[in-house]
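Note that this note's numbering has the sequence shown beginning at 3, numbered continuously upward.
By construction, the Cβ of each residue, glycine as well, lies at the ideal position given by its N, Cα and C atoms.
Note that this is a predicted model, so its numbers are computed, not measured.
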Amino acid sequence: MTQTAAPPQTLKPSAEGEGWKARPIKLKIFGNLIAEVVHKGICMYCGACIASCPIDILFHSESEEPIMRGTCAACQVCYYSCPRIELPVAEIERRIFGRERTTEETILGIHIGSYSVRAKDPDILKRAQDGGAVSALMLYALENKIIDYALVSGFTSQDPWKPGPRVARTKQELVENAGSQYSPGGQVGGLAEIAVPNRSVVDFQEERMALVGLPCELQGFWRMNSHWIAAPKIGRNLVFAVGLFCSKVFDYGKMMVEFVEGARGIDLKTVTKVNIKKNRLLVYAGDRLAIDEPVEVIAHAAREECNICVDYSAELSDIAVGAIGSATGWSTVLTRTPRGEDILNGAAEAGYVELKRLDPLGKGMKFLETLCERKRLRDPSAYIRHSTAYPRPDPKLVPIEVPLE
Ligand code: SF4
Ligand code: SF4
Ligand code: SF4
């Protein structure tokens, strides 16, 4: 239940010079977050508020919103950890990259290299999306003891195909949770399962982590890290973060339960892969292609919070991965930090992936750049202010729908 604490009183000099008068301090607590973000339809369920609460009273919920169970201490940490209250892009870039992006890097963000990548492991290729780069890089990092676990977006045990944060330590766990999902997973909130001792399945203080998330989930992670109280709860042991290209996501209930199961009669327990490719919705049951229809059939399920999101290529990551820019069966990988470049090259040398350089001026990269630029036509002014990273795009650009991968 949401609690609204009465604002405490403090003494301040009055403007009229009449001496000291009691004035209310405007505290910003969980109730404010619900009012200003969730009820305004701009919460993308990243989970940063859940993970940040110092007394651990925030949780995931069935309705894909953060909820409170307990008595709020009115500390304001959740409010100021939310990337939809404010996302200080320049400050975060200085933390990750040691600098802000240049004018030339405005659209794609800071990056070192661009590649087409494909996993070599047949189990990963069978289950994963496109080239299976994310799972292959995680497997390399796990088996070579660069990390102890990967926090990935996987599937809940109760509802088939409902995304949720998962800890993967083995190849089997990576493969089980591989493949694209098209609904939010509260990924950063998964850190709460790690950072809260009585919910934890890992030794959070000792074990090293890699995080996989959508651009908004990484924004939540870094926003939390900017907060002096929230930061020590997570992030100390992050080795690297992988971001996934994203244009928008869909409501799980409307897409999977109402449309796939209800309208098309496919038992979700039999679904083996969901893909959106060239604006077609593809759903596989076993080896059978059970649904192959224009993506417009689920247009009503698109989540409204994506309408103000301007990050397509996971700009706040060590490694960004998606399909746009590469041939079918390959993943496009942008390395953004030296650490990301080392991980990719290490995986290639050790035989986990094969890779080809993508020409920064070639057709694939130009198309990726175009999609990033088009996504900038959405208006982020509710949470990004005074940022040189996101100047308004050329007004002559005609707004088009950014295609899903
Ligand atoms: S931190 Fe994330 S989950 Fe929490 S209110 Fe903000 S956007 Fe929603
Ligand atoms: S972080 Fe602080 S303000 Fe937010 S719910 Fe927890 S105790 Fe309340
Ligand atoms: S479009 Fe943006 S807000 Fe929506 S899921 Fe993708 S990254 Fe998150």
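Exercise. Between Val39 and ligand 1, is the CB less than 6 Å from at least one heavy atom?
Worked result: At a cut-off of 6 Å, the beta-carbon of Val39 counts as near ligand 1: some heavy atom of the ligand is closer than that.
For this session: Please confirm whether any heavy atom of ligand 3 lies closer than 6 Å to the CB of Pro68.
Result: no
For this session: Out of Ile300, Leu270, Glu307, state which residue places its alpha-carbon closest to the alpha-carbon of Ala292.
Result: Leu270
Exercise. If you draw a straight line from the C-alpha of Tyr82 to the C-alpha of Gly100, how long is it?
Worked result: Going from the Cα of Tyr82 to the Cα of Gly100 covers about 23 Å.
Exercise. Does DSSP classify Leu291 as helix, strand or coil?
Worked result: strand
Exercise. Going by beta carbon distance, what residues of the same chain come within less than 8 Å of Ala414, once the five residues before and after it are set aside?
Worked result: Within the shown structure, residues of the chain are numbered from 3 to 407, placing residue 414 beyond reach of any answer.
Problem set entry | Alpha-carbon to alpha-carbon, Leu60 and Ala53 | Taking C-alpha positions only, Ala53 is separated from Leu60 by approximately 8 Å.
Problem set entry | Same chain, Cβ closer than 8 Å to Pro362, neighbours up to 5 away in sequence not counted | Counting only Cβ-Cβ distances below 8 Å, and skipping sequence neighbours, we find Ser116.
For this session: Look at Arg444 and Glu356 and say whether their C-beta atoms are less than 7 Å apart.
Result: With the chain covering 3 to 407 only, the question about residue 444 has no answer from this structure.
Exercise. Which of the three DSSP states, helix, strand or coil, is assigned to Ser116?
Worked result: strand
Exercise. Can you tell me whether Gln221 is buried or exposed, with buried defined as 16 or more other CB within 10 angstroms of its CB?
Worked result: In this structure Gln221 is buried. Its beta-carbon is surrounded by 16 or more other beta-carbon atoms within 10 angstroms.
Problem set entry | Residue range of the alpha helix (DSSP H) that includes Leu220 | Note, Leu220: alpha helix (DSSP H), 217-227.
For this session: Would you mind working out which of Pro85, Ser63, Thr330 sits nearest Ala130, comparing C-alpha positions?
Result: Thr330
Problem set entry | For Gly134 and Gly156, the rounded distance between their alpha carbons | 15 Å
Exercise. For Thr172, which of Arg387, Asp381, Ile126, Lys122 has the nearest alpha-carbon?
Worked result: Among Arg387, Asp381, Ile126, Lys122, the Cα nearest to that of Thr172 belongs to Ile126.
Exercise. Relative to ligand 2, is the shortest distance from any of its heavy atoms to the C-beta of Ala75 smaller than 6 Å?
Worked result: yes
Exercise. How is Pro362 classed by DSSP in three states: helix, strand or coil?
Worked result: coil
Exercise. In whole angstroms, what separates the C-alpha of Cys77 from that of Ala212?
Worked result: 29 Å
For this session: Compute the minimum distance between the beta carbon of Leu35 and the heavy atoms of ligand 1, and state whether it is under 6 Å.
Result: yes
Exercise. If we ignore side chains and look at the alpha-carbon of each, how far apart do Ala143 and Lys28 end up?
Worked result: The alpha-carbon atoms of Ala143 and Lys28 are separated by roughly 46 Å.
Exercise. Going by the beta-carbon positions, is the gap between Arg305 and Val251 smaller than 7 Å?
Worked result: Annotated as proximal: Arg305 and Val251, with beta-carbon spacing under 7 Å.
Problem set entry | Alpha-carbon spacing of Leu35 relative to Cys51, whole angstroms | 9 Å
For this session: Could you check the C-alpha separation between Glu409 and Ser383 for me, to the nearest Å?
Result: Missing from the structure shown is residue 409; the chain here goes from 3 to 407 and no further.
Exercise. Beta carbon of Ile114, beta carbon of Arg103: below 7 Å?
Worked result: Their beta carbons are not under 7 Å apart, which means Ile114 does not touch Arg103 by this criterion.
For this session: Taking Ser63 as the reference, give the member of Pro56, Gly49, Trp163, His229 with the closest Cα.
Result: Gly49
Problem set entry | Host beta strand (DSSP E) of Lys271 (start-end) | Here Lys271 belongs to no beta strand (DSSP E), and DSSP marks it neither H nor E.
For this session: With a cut-off of 8 Å on the beta carbons, I'd call Glu343 and Thr337 a contact; round off their distance for me.
Result: 4 Å
Problem set entry | Span of the alpha helix (DSSP H), counted from its first residue to its last, around Ser54 | 50-54
Exercise. Mind checking whether Val312 and Arg380 have CB atoms under 7 Å apart?
Worked result: yes
For this session: Taking all protein chains shown into account, decide if His302 is buried (16 or more other Cβ within 10 angstroms of its Cβ) or exposed.
Result: Per the 10 Å Cβ criterion, exposed.
Exercise. Using DSSP with H/G/I as helix, E/B as strand and the rest coil, what is Ile326?
Worked result: In the structure shown, Ile326 sits in coil (DSSP, three-state: anything other than H, G, I, E or B).
For this session: Report all residues for which the CB-ligand distance to some heavy atom of ligand 3 is below 5 Å; order them along the chain.
Result: Met46, Leu216, Pro217, Cys218, Cys248, Lys250, Val251, Cys308, Cys311
Exercise. Within the present structure, is the beta-carbon of Ile268 separated from the nearest heavy atom of ligand 4 by less than 6 Å?
Worked result: Here the bound small molecules are ligand 1, ligand 2 and ligand 3; ligand 4 is not part of this structure.
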